[in-house]
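Beneath this line is the structure, given in structure tokens, with notes to follow.
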Amino acid sequence: MKKDKGLLEITNHIYIIRNQKVMLDRDLAELYGVELRVLNQAVKRNIERFPEDFMFQLDSSELSNLWSQNVIMGDLTTRKYITRNPPYVFTEAGSFALSFTLRSQKAIEMGQFIIRAFTHLRRFILKNENLMMELKNNDHLSKTFSNFEKRIEHDLLILYKNTSKFEKRFMFLEDEINKLKKGK
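Here UniProt numbering is used: position 177 in the sequence shown is 177, and no number is missing along the way.
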């Protein structure tokens, strides 16, 4: 698996549920090269390795949300099965613990690769978060500049109005001076 392509493929299988980045059990089973039932059996045999912050089961609303996003697809039979047996989701730590639970070389290598994908996603989010903050700051600067422009425009308008009054007055005074000069 090419590193960049593989990371992108894995990050496409990372979802945010309960404000945590998680992967579905079926996606992990596919990545680790085992059947879903084998993965679930390994988890049940080693349940002490999977506290709630490592793994949890989806509730019906979370399941419906994934169906509506076409994350979980299947025919009616599959949906009935999944409704009775909701999938487990694994956090970053749970995904890594799973690689040691499955005990194969491929599982260990894939576990490391999955951790890299989670790290890649975290960096991407942080990078974009900083970008969003910069845009927000630029927006603030833009508004400040816009307000400054409006003030300058207003001041120039007042100056222009006053200038024309000044010019009229100056012309009047100039005419008076010319009349006085001619009268001499």
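Just so you know, even glycine gets a beta-carbon here, dropped at the ideal spot from N, CA and C.
| request: Compute the Euclidean distance between the alpha carbons of N46 and K127, then round it to the nearest angstrom. | output: Your numbering for residue 46 matches position 46 in the sequence shown. Your numbering for residue 127 matches position 127 in the sequence shown. Taking the CA atoms as reference points, N46 sits about 37 Å from K127.
| query | Can you check whether the CB of G94 is closer than 8 Å to the CB of F50? | reply | Counting from one through the sequence shown, the residue named residue 50 turns up at place 50. Counting from one through the sequence shown, the residue named residue 94 turns up at place 94. Contact flag set, yes.
| residue 261 burial status per 10 Å Cβ neighbour count (16 or more: buried) | Outside the shown range of the chain, which is 1 to 184, sits residue 261, and nothing can be said about it.
| Nearest to S99 (by Cα), restricted to the options L39, F56 and I14 | Within the sequence shown, residue 99 is the residue found at index 99, counting from 1. Of the listed residues, the one whose Cα sits closest to S99 is L39.
| query | Can you list, in chain order, the residues of its chain whose CB lies under 7 Å from that of D75, leaving out five sequence neighbours each side? | reply | One-based indexing of the sequence shown puts residue 75 at position 75. Residue placement at D75 cannot be trusted, given a pLDDT of 45 that sits under 50; the coordinates are not used to answer.
| message | Let me make sure I understand the geometry here. Which of W67, E52 and L102 has the alpha-carbon closest to that of Q20? | response | For the purposes of this step, residue 20 is identified with residue 20 of the sequence shown, where counting begins at 1. For the residues W67, E52 and L102, the minimum Cα distance to Q20 belongs to E52.
| field | Counterpart residues of L24 in DSSP-defined beta bridges | value | One-based indexing of the sequence shown puts residue 24 at position 24. DSSP links L24 through a beta bridge to V89.
| query | alpha helix (DSSP H) containing V43: first to last residue? | reply | As a position in the sequence shown, residue 43 is number 43, starting the count at 1. That run of the alpha helix (DSSP H) goes L36 to R45.
| query | Considering only C-alpha positions, which residue in the set E48, T119 and D175 is nearest to V22? | reply | As a working mapping, residue 22 is identified with position 22 in the sequence shown. The residue among E48, T119 and D175 with its C-alpha nearest the C-alpha of V22 is T119.
| Cβ-based burial, residue 193 [other Cβ within 10 Å; buried from 16] | In the structure displayed, the chain extends from 1 to 184; residue 193 sits before or after that span and is not available.
| request: Could you work out which residue in D59, E30 and I16 is closest to K106 when comparing CA atoms only? | output: For this step, residue 106 is matched to residue 106 along the sequence shown. When only C-alpha atoms are compared, the closest one is E30.
| field | Pairwise C-alpha distance: Q57 and R84 | value | Taking the sequence shown and counting its residues from 1, one reaches residue 84 at position 84. Taking the sequence shown and counting its residues from 1, one reaches residue 57 at position 57. Cα-Cα distance, rounded: 12 Å.
| task | Can you tell me which of the three DSSP states F54 falls into? | result | Reading the sequence shown from its first residue, position 54 is the one you call residue 54. In the structure shown, the three-state DSSP call for F54 is coil.
| query | Is residue 189 near D27, with beta carbons less than 8 Å apart? | reply | A question about residue 189 goes unanswered here, because the residues of the chain that appear run from 1 up to 184.
| Cα-Cα separation between I17 and S61, rounded to whole angstroms | Position 17 of the sequence shown, counted from the first residue, corresponds to residue 17. Position 61 of the sequence shown, counted from the first residue, corresponds to residue 61. Whole-angstrom Cα-Cα distance: 11 Å.
| 8 Å contact criterion, which F90 and F124 should meet: CB distance rounded | Counting from 1 along the sequence shown, the entry for residue 90 is found at position 90. Counting from 1 along the sequence shown, the entry for residue 124 is found at position 124. About 20 Å separates the two Cβ atoms, so there is no contact after all.
| How would you label L102, buried or exposed, when you count the other beta carbons within 10 angstroms and need 16 or more for buried? | For the purposes of this step, residue 102 is identified with residue 102 of the sequence shown, where counting begins at 1. With at least 16 other beta carbons inside 10 angstroms of its own, L102 counts as buried.
| message | Would F113 and I14 qualify as a contact pair, given that the criterion is a beta-carbon distance under 8 Å? | response | Along the sequence shown, one-based indexing puts residue 113 at 113. Along the sequence shown, one-based indexing puts residue 14 at 14. For F113 and I14, no; Cβs fall outside 8 Å.
| Beta-carbon contacts of N138 that lie in its chain and below 7 Å, excluding the five residues immediately before and after | Taking the sequence shown and counting its residues from 1, the one referred to as residue 138 is at position 138. So no residue of the chain qualifies.
| field | Test item: CB-CB of E92 and I115 under 8 Å | value | Locating residue 92 in the sequence shown gives position 92, counting from the first residue. Locating residue 115 in the sequence shown gives position 115, counting from the first residue. Less than 8 Å divides the Cβ of E92 from the Cβ of I115.
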